[in-house]
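Encoded as structure tokens, the structure appears first; notes follow it.
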Amino acid sequence: MGLFRGLGSRAWAYVRSAPGTYIWLAILFVTTVALHYMSPAFEQQFLRQRSTNLRELSDNPVRVLIASAMWIDGGDWVPFALLYTVFHAPAERWLGTVRWLLVCVLAHVLATLISEGALLKGIHDGIAPHSAVNALDFGVSYALAGVIGILAYRIARPWRYAYTVIVLLVYGLPLTESPTFTDLGHFVAALIGLACYPLVRGRGKAWNPKETLDALRG
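Okay, here's the thing in structure tokens:
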């Protein structure tokens with residue numbers, strides 16, 4: 265019992281050290297559960313009104329930019345709980361809640377506007393159908409991509425370069441074959457995270473994987 269209490273105390277301390285991450289995750293849990301009680305037709309209409317598509321952005325930009333980040337695309341909460349713990353929580357603990365939130369907002373908002381701008385151009389050029397103005401576009405993946413990008417600076421050189429290459433490949437490769445406007449948004453969001461370097465100044469020494477391995481070996 266003492267072991268379980270100790271693990272529980274450590275887990276709770278970790279959650280309290282990244283309040284923004286886990287409050288957001290709790291909101292996503294509630295909204296995900298709510299989706300499961302909606303009929304498919306109602307769900308589509310409900311989410312469309314909270315999507316950052318071209319129609320809603322032109323009518324209610326601030327509302328949908330906030331509301332779209334409170335729902336999970338796909339309706340499966342557990343993978344996001346893992347992703348938030350692996351990426352968002354360490355970033356918030358490292359940067360502090362305010363700076364972490366700023367990265368999330370910049371990535372979410374700017375990637376949305378840039379990708380939707382590209383979609384608008386595609387519609388005008390006849391590449392995309394006009395019905396795309398009402399496309400479903402919501403979720404938390406742009407903010408996640410931005411945080412994954414800025415975490416490159418949490419890693420010491422030369423490991424940082426390998427991590428950055430992997431991030432650019434993960435988000436860049438989908439653009440090489442049948443890219444969508446969301447593929448563009450994810451790549452832009454990762455670049456925005458990398459561009460947030462000024463926010464990491466004074467946040468302590470970068471993590472060196474070699475030092476960790478040496479410590480584990482004794």
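Everything in the sequence shown is counted per my numbering, starting at 265 for the first residue and increasing by one.
We treat Cβ as the ideally placed atom computed from N, Cα and C, and that holds for glycine.
Remember, it's a predicted structure, so these values are computed and weren't measured experimentally.
Close-in-space but distant-in-sequence residues of the same chain around residue i (CB under 6 Å, 5 per side omitted)
i	result
ALA453	ALA371, ALA375, TYR406, ALA409, GLY410
HIS352	THR285, VAL411
CB-CB length for residue i against residue j, believed under 8 Å
i	j	result
LEU463	ARG357	Not confirmed; about 14 Å, so no contact.
PHE402	TRP335	5 Å
GLY457	GLY413	2 Å
ALA430	TRP471	The amino acid occupying residue 430 in the given sequence is Ile; Ala does not appear at that position. Contact doesn't hold; Cβ gap of about 16 Å is too wide.
Cut-off 7 Å between Cβ atoms - residues of its own chain near residue i, not counting five sequence neighbours on either side
i	result
LEU318	GLU380, LEU383, LEU384, VAL397
PRO473	TRP423
TYR435	ALA409, HIS450, PHE451, ALA454
Limits of the unbroken alpha helix (DSSP H) element including residue i
i	result
HIS352	Taken as a continuous stretch (DSSP letters only), HIS352 belongs to no alpha helix (DSSP H), as it is neither H nor E.
SER379	361-388
GLY436	423-436
ASP447	445-459
HIS394	No alpha helix (DSSP H) holds HIS394; DSSP gives it neither H nor E.
heavy atom of the ligand SAM below 6 Å from residue i C-beta
i	result
GLY386	Of ligands this structure carries none, so the ligand SAM is not represented either.
Residues near residue i by beta carbon distance below 8 Å, same chain, minus five either side
i	result
ILE378	LEU448, GLY449, VAL452
HIS394	ILE387
As assigned by DSSP and simplified to three states, the class of residue i
i	result
TRP341	helix
TRP335	coil
GLN308	helix
SER273	helix
LEU400	coil
GLU320	helix
SER281	coil
In DSSP terms, what residue i is bridged to
i	result
TRP471	ILE419
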